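Residue numbers for the first sequence follow this note's numbering, so the first one is 2 and each next one is one higher. Ideal placement from N, C-alpha and C gives every residue a C-beta, glycine not left out. None of the values given here were measured: they were computed from a predicted structure.
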Amino acid sequence: MGGGYSEKLMEMYQALFKRFGPQHWWPADDPFEVMVGAVLTQNTNWANVERAIQNLKQSGVLDIERLHQMDTKELSLLIKPAGYYNIKAKRLKNFIEFLVGRYGGDLEAFFAQETSLLREGLLSVKGIGRETADSILLYAARRPVFVVDAYTYRILFRHGMVEEHISYDEMQALFMDNLEPDEALFNEFHALIVQAGKTYCRPKPKCEGCPLEHWESEMGLNIYTE
DNA sequence: CACCAGGCAAGTA
DNA sequence: TACTTGCATGGT
């Protein structure tokens, strides 16, 4: 039904895992830190996000109540290393206001909902789009939701697995309609795609003609080039 | 110097 | 629906 995607995707997963090993995502101490990191990492290098999170930790404000009290301007200065600091401070405040206003700031209460309702709520927050919402669902709420990002498009397109410019929902369905809803699998798979993308699948490929000699020689992924 | 990073919202056609 | 633009720091 899926045009043999189930087998292809699992072969891709096995090859990536063999090449890169377990990624141990999400690098955070608790679900709330995951959610903050998910907003801060929007179009931003993770190393810069780490500095911002360190600033929040060292200031002792990495919790809902403290962030709720804090002035947006003050917050923006703490997260400055993550870039887009004015808009991200507002986005974090929007999210905090949502959690406090609707769940009394109780994350357990927030997470005690069906996945589709959780996603709907997250997407209602200005500053949380589909990728950020799905990252929170997968890595904070630990739901079997597949996270799609720019690397997912790039890698699958360059390997001839999808048309260019398919929608987020279509790409997500490609994975979720062809794989068992396995939270641990989705966790590792997305993290591996990011790692592989960083390593071999830049926006402007240095090698001539991806789908890549790189993948084939270094990863044994000629199975994807048809 | 140019390019990129674990996106999103708002505006336009 | 399908583009375009603004947002911004820090590494390579």
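Kindly indicate which three-state DSSP category residue i falls into: helix, strand or coil?
{"i": "G198", "result": "helix"}
{"i": "L180", "result": "coil"}
{"i": "G221", "result": "Because G221 carries a pLDDT of 41, less than 50, the predicted location of this residue cannot be relied on, and no value is offered for it."}
{"i": "Q59", "result": "helix"}
{"i": "D72", "result": "coil"}
{"i": "W26", "result": "coil"}
{"i": "L205", "result": "Leu is not the amino acid found at residue 205; the sequence shown has Lys there. Coil."}
{"i": "Y85", "result": "coil"}
{"i": "N188", "result": "helix"}
{"i": "I54", "result": "helix"}
{"i": "N49", "result": "helix"}
Anyone know if the C-beta pair for residue i and residue j falls short of 8 Å?
{"i": "Y14", "j": "F190", "result": "yes"}
{"i": "N1", "j": "K127", "result": "Here the chain comprises residues numbered 2 to 227, so residue 1 is not present and cannot be evaluated."}
{"i": "L138", "j": "T116", "result": "yes"}
{"i": "R38", "j": "V50", "result": "A quick correction: the sequence has Gly, not Arg, at residue 38. In this structure, V50 lies closer than 8 Å to G38 by Cβ."}
What does the alpha-carbon distance come out to for the pair residue i and residue j?
{"i": "R20", "j": "E75", "result": "43 Å"}
{"i": "I156", "j": "P82", "result": "29 Å"}
{"i": "A134", "j": "N56", "result": "24 Å"}
{"i": "L100", "j": "K205", "result": "40 Å"}
{"i": "G105", "j": "S125", "result": "17 Å"}
{"i": "I224", "j": "G161", "result": "Caution applies to I224, whose pLDDT of 33 falls short of 50 and renders its modelled position unreliable; the model cannot decide the point."}
{"i": "M11", "j": "F18", "result": "10 Å"}
Take residue i as the anchor and find which of the options has the nearest alpha-carbon.
{"i": "V40", "options": "A141, D72 and H166", "result": "A141"}
{"i": "S77", "options": "A90, V149 and R159", "result": "A90"}
{"i": "L93", "options": "Q43, D150 and A174", "result": "Q43"}
{"i": "G22", "options": "Y201, A192, G198 and P32", "result": "A192"}
{"i": "V148", "options": "F111, L186 and H166", "result": "L186"}
What runs of the alpha helix (DSSP H), each 4 residues or longer, lie entirely inside the region 120-170? 131-140 and 151-159
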